[in-house]
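Novice:
Chains as they are written, first to last, in this note's numbering: chain A, 6 to 267; chain B, 6 to 152.
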């Protein structure tokens with residue numbers, strides 16, 4: 006296999022339990038002239054890696070780390086522990102079912118970087134999808150043994166943008182691009198995902214009222230003053246939304262019934 | 006408070022060296038969500054047109070929702086999927102995990118929607134066993150366990 010693959014091999018992290026699979030981490034350049042490089046962390050499946058699919062997990066934000074959330078808190082093999090400089094094995098790690106990759110995307114997120122600082126002011130959905138696609142093409146050159154594997158993408162939150170947009174790049178690339186860039190892309194899965202501004206915001210308000218988080222008055226004010234089908238909100242709408250968001254300074258908006266981190 | 010602990014861990018020089026990370030010695034710390042990114046310049050109001058295109062192209066699409074998330078709640082996702090306008094092929098039905106209802110699921114033409122009972126925004130963190138079941142069934146293109 007390519008030399009760079011061997012160079013990316015991770016031996017053992019500080020405080021890491023012994024595990025029966027290989028892991029790799031490092032940078033893949035996505036733009037030579039600007040010096041943009043994305044950082045990945047890849048775990049082979051716990052067993053039978055050659056027969057299992059390859060899955061890329063993305064988190065949202067925009068600007069949040071797939072390694073910080075996805076790997077270390079949610080579905081990766083190594084979870085961080087309270088007050089201990091050690092990692093613990095996650096018995097429900099998703100690399101039980103697949104070869105699993107976490108990608109810090111776009112540049113500016115986590116360890117991913119650019120040598121052209123103005124790049125950080127030009128970020129958005131399009132460049133994120135473009136760079137992630139180039140990352141994948143170059144990653145498969147480094148790990149050619151995975152090129153024929155079934156490939157899936159999964160993610161949460163703002164990945165409701167990232168995942169379909171990257172999927173479309175792959176889908177179009179498979180149809181129009183050169184044969185050597187073909188990716189065996191089969192599907193994607195997104196959770197608690199931002200997909201449509203109008204329904205996402207409407208649903209957020211309905212949910213808060215239905216779960217006794219906001220008062221009848223705040224709910225009525227928002228319904229009276231906000232039209233989520235248009236982009237720019239009125240002052241009256243913003244004022245009503247300020248009252249709505251104030252409630253979520255008291256409880257965890259992302260998990261209504263868990264204690265907040267004090 | 007998991008985020009506090011991982012920020013400490015991933016900023017350790019020995020951890021970064023083991024991961025082959027931060028080779029350029031960035032001028033800022035590793036953080037969960039970037040402080041380095043400036044403006045976000047483009048984001049479409051909806052990704053539904055892309056999702057429609059990919060479903061039509063035969064790409065498998067699953068959507069899930071932890072039902073205690075208030076940020077992008079299950080209510081929002083249901084409204085979004087209704088807007089997508091797909092025909093349902095299997096009606097709203099419970100799925101099971103260890104003899105308990107794990108959530109509910111509905112199958113549309115080209116899209117499967119699964120809720121996870123008791124999970125917040127980060128489903129695999131709140132309900133790891135149920136999330137792994139979801140992932141396994143997604144990869145296998147199987148229905149969530151009906152009993």
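The C-beta atom is built at its ideal place from N, Cα and C for all residues, glycine as well.
1) When you compare the CB of residue 132 of chain B with every CB in chain A, is at least one pair closer than 7 Å?
2) Does DSSP put residue 110 of chain B in a helix, a strand or coil?
3) Using a Cβ cut-off of 7 Å (strictly closer), state whether residue 57 of chain B contacts chain A.
4) Determine the burial state of residue 72 of chain A: buried for a count of at least 16 other Cβ atoms within 10 Å of its Cβ, exposed for fewer.
5) For residue 60 of chain B, name the three-state secondary structure that DSSP assigns.
6) Beta-carbon within less than 8 Å of residue 14 of chain A's beta-carbon, same chain only, minus the 5 sequence neighbours each way: which residues are those?
7) According to the Cβ coordinates, are residue 129 of chain A and residue 41 of chain B closer than 7 Å?
8) Taking 7 Å as the threshold (C-beta atoms), are residue 218 of chain A and residue 252 of chain A in contact?
9) Verify the CB distance criterion: does residue 166 of chain A have a CB-CB separation below 7 Å to chain B?
10) Provide the residue(s) that pair with residue 43 of chain A in DSSP beta bridges, ordered along the chain.
11) Closer than 7 Å between beta carbons: that is the criterion. Which residues of the stretch 123-142 of chain A meet it against chain B?
12) Hey, is residue 26 of chain B's beta-carbon within less than 7 Å of any beta-carbon in chain A?
13) Can you tell me whether residue 205 of chain A is buried or exposed? The criterion is at least 16 other CB atoms within 10 Å of its CB, across all chains shown.
14) DSSP on residue 268 of chain A, reduced to helix/strand/coil?
15) Since residue 10 of chain A is in the alpha helix (DSSP H), which residue starts that stretch and which ends it?
16) Out of A:70, A:90 and A:17, which one is the CA nearest neighbour of residue 17 of chain B?
17) Hey, how far is the Cα of residue 158 of chain A from the Cα of residue 245 of chain A?
18) Determine, using beta-carbon pairs with one atom in the stretch 63-83 of chain B and one in the stretch 200-215 of chain A, whether at least three such pairs fall under 8 Å.
19) What do you reckon, are the CB atoms on residue 196 of chain A and residue 28 of chain B nearer than 7 Å?
20) Nearest to residue 65 of chain A by CA position, among A:121, A:134 and A:17, is which residue?
21) Do we get a CB-CB distance below 7 Å when we pair residue 143 of chain B with the residues of chain A?
22) Opposite residue 147 of chain B in the DSSP bridges: which residues?
23) Please state the DSSP three-state secondary structure of residue 160 of chain A.
24) With a cut-off of 7 Å, does the C-beta of residue 38 of chain A fall near any C-beta of chain B?
25) For the stretch 154-168 of chain A against the stretch 177-196 of chain A, are there 3 or more C-beta pairs whose distance is under 8 Å?
26) Is it right to say residue 170 of chain A is buried, meaning 16 or more other beta carbons lie within 10 angstroms of its own, or is it exposed?
27) Only counting the same chain, and skipping five residues up and downstream in sequence, which positions put a Cβ closer than 6 Å to that of residue 117 of chain A?
28) For a quick check, are the C-beta atoms of residue 45 of chain B and residue 67 of chain A less than 7 Å apart?
29) Step through the CB atoms of chain A and report whether any lies within less than 7 Å of the CB of residue 63 of chain B.
30) Quick check: residue 100 of chain A and residue 48 of chain A, are their CB atoms within less than 7 Å of each other?
31) List the whole-angstrom C-beta distance separating residue 104 of chain B from residue 207 of chain A, where the pair is believed to meet the contact cut-off of C-beta under 8 Å.
32) Tell me which residue opens and which closes the alpha helix (DSSP H) that residue 5 of chain A is part of.
33) Could you tell me the distance, in whole angstroms, from the CA atom of residue 50 of chain A to the CA atom of residue 105 of chain A?
34) Please list, in chain order, the chain B residues whose beta carbon lies closer than 7 Å to that of residue 85 of chain A.
35) Identify the contact partners of residue 191 of chain A in chain B, using a Cβ-Cβ distance below 8 Å as the criterion.
36) Determine whether the Cβ of residue 109 of chain A lies closer than 7 Å to any Cβ atom of chain B.
Specialist: Checking against the coordinates, here is how it stands:
1) Taking the first residue of the second chain as position 1, residue 132 of chain B is located at position 127. Not one chain A Cβ lies under 7 Å of residue 132 of chain B.
2) Reading the second chain from its first residue, position 105 is the one you call residue 110 of chain B. Residue 110 of chain B: strand per DSSP, three-state reduction.
3) Against the second chain, residue 57 of chain B aligns to sequence position 52. No, residue 57 of chain B lies away from the interface with chain A (no Cβ there is under 7 Å from its Cβ).
4) Taking the first residue of the first chain as 1, we reach residue 72 of chain A at position 67. Classification for residue 72 of chain A: buried.
5) Looking up residue 60 of chain B in the second chain gives position 55. Residue state, collapsed to three classes: helix.
6) The residue given as residue 14 of chain A occupies position 9 in the first chain. Taken in chain order, the residues that qualify are 27, 28 and 29.
7) Position 124 of the first chain, counting from 1, holds the residue named residue 129 of chain A. Position 36 of the second chain, counting from 1, holds the residue named residue 41 of chain B. The answer is no: Cβ separation not under 7 Å.
8) Position 247 of the first chain, counted from the first residue, corresponds to residue 252 of chain A. Position 213 of the first chain, counted from the first residue, corresponds to residue 218 of chain A. A contact, by the Cβ cut-off of 7 Å.
9) Counted from its first residue, the first chain places residue 166 of chain A at position 161. Judged by the 7 Å Cβ criterion, residue 166 of chain A is in contact with chain B.
10) Here the question's residue 43 of chain A lines up with position 38 in the first chain. The partner list for residue 43 of chain A (beta bridge, DSSP) reads A:33.
11) 125, 126, 127, 128, 129, 130 and 131
12) The residue labelled residue 26 of chain B in the question sits at position 21 within the second chain. Yes, its Cβ sits closer than 7 Å to a Cβ of chain A.
13) In the first chain, residue 205 of chain A corresponds to position 200, counting from 1. Per the 10 Å Cβ criterion, buried.
14) In the structure as shown, chain A begins at 6 and stops at 267. Residue 268 of chain A is therefore absent and cannot be evaluated.
15) Taking the first chain and counting its residues from 1, the one referred to as residue 10 of chain A is at position 5. First-last of the alpha helix (DSSP H) with residue 10 of chain A: 8-13.
16) Here the question's residue 17 of chain B lines up with position 12 in the second chain. Of A:70, A:90 and A:17, the residue nearest in Cα terms is A:90.
17) Numbered from its first residue, the first chain carries residue 158 of chain A at position 153. Numbered from its first residue, the first chain carries residue 245 of chain A at position 240. Going by the C-alpha atoms only, they are around 37 Å apart.
18) yes
19) The residue you call residue 196 of chain A lines up with position 191 of the first chain. The residue you call residue 28 of chain B lines up with position 23 of the second chain. Their beta carbons are not under 7 Å apart, which means residue 196 of chain A does not touch residue 28 of chain B by this criterion.
20) On the first chain, position 60 is the one that residue 65 of chain A refers to. Cα-wise, what sits closest to residue 65 of chain A is A:134.
21) Residue mapping note: residue 143 of chain B aligns to position 138 of the second chain, counting from 1. So, interface residue.
22) Within the second chain, the letter at position 142 stands for residue 147 of chain B. BP columns for residue 147 of chain B are empty, so no partner.
23) Stepping through the first chain from its first residue, residue 160 of chain A is reached at position 155. Correct three-state label for residue 160 of chain A: strand.
24) The count along the first chain starts at 1 and reaches residue 38 of chain A at position 33. It does not; no Cβ of chain B falls within 7 Å.
25) yes
26) Position 165 of the first chain, counting from 1, holds the residue named residue 170 of chain A. Label assigned to residue 170 of chain A: buried.
27) The sequence position of residue 117 of chain A within the first chain is 112, counting from 1. 43, 44 and 109, listed in sequence order.
28) On the second chain, position 40 is the one that residue 45 of chain B refers to. On the first chain, position 62 is the one that residue 67 of chain A refers to. Cβ atoms of residue 45 of chain B and residue 67 of chain A: closer than 7 Å.
29) Locating residue 63 of chain B in the second chain gives position 58, counting from the first residue. False, the Cβ-Cβ gap to chain A never drops below 7 Å.
30) Translated into the one-based positions of the first chain, residue 100 of chain A becomes position 95. Translated into the one-based positions of the first chain, residue 48 of chain A becomes position 43. In contact: residue 100 of chain A and residue 48 of chain A (Cβ atoms closer than 7 Å).
31) Along the second chain, one-based indexing puts residue 104 of chain B at 99. Along the first chain, one-based indexing puts residue 207 of chain A at 202. That pair is no contact at about 36 Å.
32) Lying outside 6 to 267, the shown extent of chain A, residue 5 of chain A is not represented and no answer is given.
33) Position 45 of the first chain, counted from the start, is the residue given in the question as residue 50 of chain A. Position 100 of the first chain, counted from the start, is the residue given in the question as residue 105 of chain A. Their backbone Cα atoms lie some 7 Å apart in a straight line.
34) Start at 1 with the first residue of the first chain, and residue 85 of chain A comes out as number 80. Those within 7 Å of residue 85 of chain A in chain B are 7, 10, 11 and 14.
35) Counted from its first residue, the first chain places residue 191 of chain A at position 186. Here the neighbours are 64 and 65.
36) Here residue 109 of chain A corresponds to residue number 104 of the first chain, with the count starting at 1. Chain B, which has no Cβ nearer than 7 Å to the Cβ of residue 109 of chain A, makes this no.
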